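Colleague: Residue numbers (the UniProt record's numbering), protein chains in the order written: chain A, 1 to 239; chain B, 1 to 239.
Note that beta-carbon positions come from the ideal geometry of N, C-alpha and C, so glycine has one too.
This structure is a prediction, so every number in the text was calculated from the model and none was measured.
Number of protein chains: 2
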Amino acid sequence: MSIESNQQIFPITGVGLGPGDAELITVKGLKALQQADVVYYPATSKNEGKLTSYSLKILENYHLKAHLKPMLFPMKSKRRIEYYDFAYKAIRTDALKGLKVAVVSEGDLLFYSTFGYLLPLAKADSIECELIPGIPAFIHSASIGQIPLVEEQEDITVIARPDSFSQVERAIEEHSTVVVMKMSILKDDWVLFLKNCNRPFFYIEKAGTSEQFTTSNASELENREIPYFSLVIFTSKSV
Amino acid sequence: MSIESNQQIFPITGVGLGPGDAELITVKGLKALQQADVVYYPATSKNEGKLTSYSLKILENYHLKAHLKPMLFPMKSKRRIEYYDFAYKAIRTDALKGLKVAVVSEGDLLFYSTFGYLLPLAKADSIECELIPGIPAFIHSASIGQIPLVEEQEDITVIARPDSFSQVERAIEEHSTVVVMKMSILKDDWVLFLKNCNRPFFYIEKAGTSEQFTTSNASELENREIPYFSLVIFTSKSV
């Protein structure tokens, strides 16, 4: 598609939706969505092509005039890059038509987020992007648990998709505060690990939703399946 | 002060103002401020008792009906805990009068923030708190620099007030992404360090203000004083 010589091209606006509570979007982010012609949101295809989208649930609260379009990202696929390319081409086509295009992510845009993959594609095309950040899930989770994350000279490390408990253990030994995201990849042995680790912790799943569950007691996780939207904060404070 | 038996006590609402751009507050946070009777904000006394407050500059954009009250926290004082106690007592007095009290912080509430010190005092008094998170400065800075912070199995470490460059160096060796906040404590040798470190970096000061300055080139920091509101992101991506 070629650019019409007199066509005004708007920057692609990335908007971090925040962690799930629709009101935890920023004022700036909500304004951008209200002004957009098209809003692209990440969606996952599950069984038999049925789409699920955490972002769409958030977007539906805003009653936007924009056309909402899914960007399909399979949970597990070696062809993921093709999906990014495909999503980006659609975004680009709309942008070159002179439409105001917004692209959303849950949480922040650049913190374990799909937008991080689209951004280099837009840059390579010299299409300007404007980025409006959002609250990452671990920041929201600390508010829910009322746990000061870091103070003074403390440090904090966030790891995601840990592939071994020794990785988690090393992080806990070396840092004041440790957040583990996408902990479900380690499957079962969390109860044992949490019982034996020497740190107070705060576990939270489905933060801010009606299904939210939190605990600081490892026994309460026995026989519980750890879902994808879960994280744990290891702290040096009492919980 | 005793609680009147028939007096309704509202929770103390903590509100993260976000990183400085007034529109980067959350919708929920702004609503809470609009409904508050009193808003406490952190302020610093500098030369001859003159107050400066980054938070107040943000608050003034909202034209709130609330009474705005400073909480005085000196930049450097061994008596800091006394100042927290003093601020908390004023907050408590207003809460027990049945006023809707909000307490704000720049950035998030629990990420290197004053609110982390007030929270245990309220808990000890069994005064309920409701916390509304805000965008931390490093998340905003990544958006400004358009730098994906972490993807997939990468990790990120945030350190503040580092007391040696070897601490910074170790962090860079061990983690995919490193953010150094309150870097001014190390004073002068940043140019040399940044020239010799093997990582692309993004430096930003006074993010989101009219005085914002950014660079990824160490030479541009020569003879430049690093202010308090500055941070640097070390990344594994090109900048």
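Taking His-140/A as part of the alpha helix (DSSP H), name the residues at either end of that continuous run.
Modeller: Residue numbering aside, residue 140/A sits at position 140 when the first sequence is read from its first letter. Taken as a continuous stretch (DSSP letters only), the alpha helix (DSSP H) holding His-140/A covers 137-145.
Colleague: May I ask you to list the residues that DSSP assigns as paired with Met-75/B?
Modeller: Taking the first residue of the second sequence as position 1, residue 75/B is located at position 75. DSSP, once it has assigned bridges, lists no residue as partnering Met-75/B.
Colleague: If we count the other Cβ atoms within 10 Å of its Cβ and call it buried at 16 or more, is Thr-93/A buried or exposed?
Modeller: On the first sequence, position 93 is the one that residue 93/A refers to. It is exposed - the Cβ of Thr-93/A has fewer than 16 other Cβ atoms within 10 Å.
Colleague: Measuring alpha carbon to alpha carbon, tell me which of Glu-106/B, Ala-124/B, Pro-162/B and Val-191/B ends up nearest Leu-56/B.
Modeller: Within the second sequence, residue 56/B is the residue found at index 56, counting from 1. The option with the nearest alpha carbon to Leu-56/B is Glu-106/B.
Colleague: Quick check on DSSP: helix, strand or coil for Ser-55/B?
Modeller: Taking the first residue of the second sequence as position 1, residue 55/B is located at position 55. Note: Ser-55/B maps to helix in three-state DSSP.
Colleague: Tell me, which residues are paired with Asp-155/B by DSSP?
Modeller: Within the second sequence, numbered from 1, the residue matching residue 155/B stands at position 155. Note: Asp-155/B sits in a beta bridge opposite Ile-159/A.
Colleague: Our contact map puts Gly-208/A next to Asp-21/A with C-beta atoms below 8 Å; I'd like the distance itself, whole angstroms only.
Modeller: Counted from its first residue, the first sequence places residue 208/A at position 208. Counted from its first residue, the first sequence places residue 21/A at position 21. That belief holds up - the Cβ atoms of Gly-208/A and Asp-21/A are roughly 4 Å apart, short of 8 Å.
Colleague: Can you tell which of Pro-227/B, Lys-187/B and Asp-188/B has the C-alpha that lies nearest to the C-alpha of Glu-205/B?
Modeller: The residue you call residue 205/B lines up with position 205 of the second sequence. The candidate whose alpha carbon is nearest that of Glu-205/B is Pro-227/B.
Colleague: State yes or no: is the beta carbon of His-67/A nearer than 8 Å to at least one beta carbon in chain B?
Modeller: Position 67 of the first sequence, counted from the start, is the residue given in the question as residue 67/A. Chain B, which has no Cβ nearer than 8 Å to the Cβ of His-67/A, makes this no.
Colleague: Looking at chain B, is there any beta carbon in it that lies within less than 8 Å of the beta carbon of Lys-28/A?
Modeller: Numbered from its first residue, the first sequence carries residue 28/A at position 28. With 8 Å as the cut-off, Lys-28/A counts as an interface residue toward chain B.
Colleague: So with CB distances below 7 Å, who are the chain B contacts of Val-168/A?
Modeller: The residue you call residue 168/A lines up with position 168 of the first sequence. What Val-168/A touches in chain B: nothing, since even the nearest Cβ is about 11 Å away.
Colleague: My guess is that Pro-133/B and Asp-108/B are in contact by the Cβ rule of under 8 Å, so how many angstroms apart are they, rounded?
Modeller: Taking the second sequence and counting its residues from 1, one reaches residue 133/B at position 133. Taking the second sequence and counting its residues from 1, one reaches residue 108/B at position 108. Their Cβ separation, rounded to whole angstroms, is 5 Å, which keeps Pro-133/B and Asp-108/B in contact under 8 Å.
Colleague: Leu-231/B touches chain A at which residues, Cβ-Cβ below 8 Å?
Modeller: For the purposes of this step, residue 231/B is identified with residue 231 of the second sequence, where counting begins at 1. Near Leu-231/B there are no residues of chain A at all, since even the closest Cβ is about 14 Å away, more than 8 Å.
Colleague: Between the alpha carbons of Phe-229/B and Val-180/B, how many angstroms are there, rounded?
Modeller: To locate residue 229/B, count along the second sequence from 1; it is residue 229. To locate residue 180/B, count along the second sequence from 1; it is residue 180. Approximately 11 Å, taken between the alpha carbons.
Colleague: Does the separation of the CB atoms of Val-239/B and Phe-201/B fall below 8 Å?
Modeller: As a working note, residue 239/B is residue 239 in the second sequence. As a working note, residue 201/B is residue 201 in the second sequence. In contact: Val-239/B and Phe-201/B (Cβ atoms closer than 8 Å).
Colleague: Provide the residue span of the alpha helix (DSSP H) that contains Ile-81/B, from first to last.
Modeller: Mapped onto the second sequence, residue 81/B falls at position 81. 80-96 is the span of the alpha helix (DSSP H), which, as asked, contains Ile-81/B.
Colleague: For Leu-30/B, which residues of its own chain have a beta-carbon under 8 Å away from its beta-carbon, when the five flanking residues on both sides are left out?
Modeller: Translated into the one-based positions of the second sequence, residue 30/B becomes position 30. Same-chain partners within the cutoff: Tyr-62.
Colleague: Could you confirm whether any beta carbon from chain A is found closer than 8 Å to the beta carbon of Ala-36/B?
Modeller: On the second sequence, position 36 is the one that residue 36/B refers to. Chain A, which has no Cβ nearer than 8 Å to the Cβ of Ala-36/B, makes this no.
Colleague: Closer than 7 Å by beta-carbon distance: list the chain A residues that pair up with Pro-11/B, in chain order.
Modeller: Translated into positions along the second sequence, residue 11/B becomes position 11. Going along chain A, no residue has its Cβ under 7 Å from Pro-11/B, so there is no contact; the nearest lies around 11 Å.
Colleague: Kindly indicate the opening and closing residues of the beta strand (DSSP E) around Gly-16/B.
Modeller: Taking the second sequence and counting its residues from 1, the one referred to as residue 16/B is at position 16. Where Gly-16/B is concerned, the enclosing beta strand (DSSP E) stretches over 12-16.
Colleague: Which partner residues of Lys-69/A appear in the DSSP bridge assignment?
Modeller: As a position in the first sequence, residue 69/A is number 69, starting the count at 1. Looking at the DSSP assignment, Lys-69/A forms a beta bridge with Tyr-40/A.
Colleague: Between which residues of its own chain and Ser-219/A is the CB-CB distance below 6 Å, once the five residues before and five after are set aside?
Modeller: Here the question's residue 219/A lines up with position 219 in the first sequence. Correct list: empty, nothing qualifies.
Colleague: Let me know if Asp-188/A comes out buried or exposed under the rule of 16 or more other beta-carbons within 10 Å of its beta-carbon.
Modeller: Here residue 188/A is taken as the residue at index 188 of the first sequence, counted from 1. Classification of Asp-188/A: exposed, given that the 10 Å Cβ count is below 16.
Colleague: On the DSSP letters alone, give me the boundaries of the alpha helix (DSSP H) that Gln-165/A sits inside.
Modeller: Position 165 of the first sequence, counted from the first residue, corresponds to residue 165/A. Reading off the sequence, residue 165/A comes out as Phe, not Gln. Unbroken alpha helix (DSSP H) run through Phe-165/A: 165-174.
Colleague: By DSSP's criteria, Thr-177/B is part of a beta bridge. Which residues make up the other side?
Modeller: Translated into the one-based positions of the second sequence, residue 177/B becomes position 177. Thr-177/B pairs with Ile-156/B.
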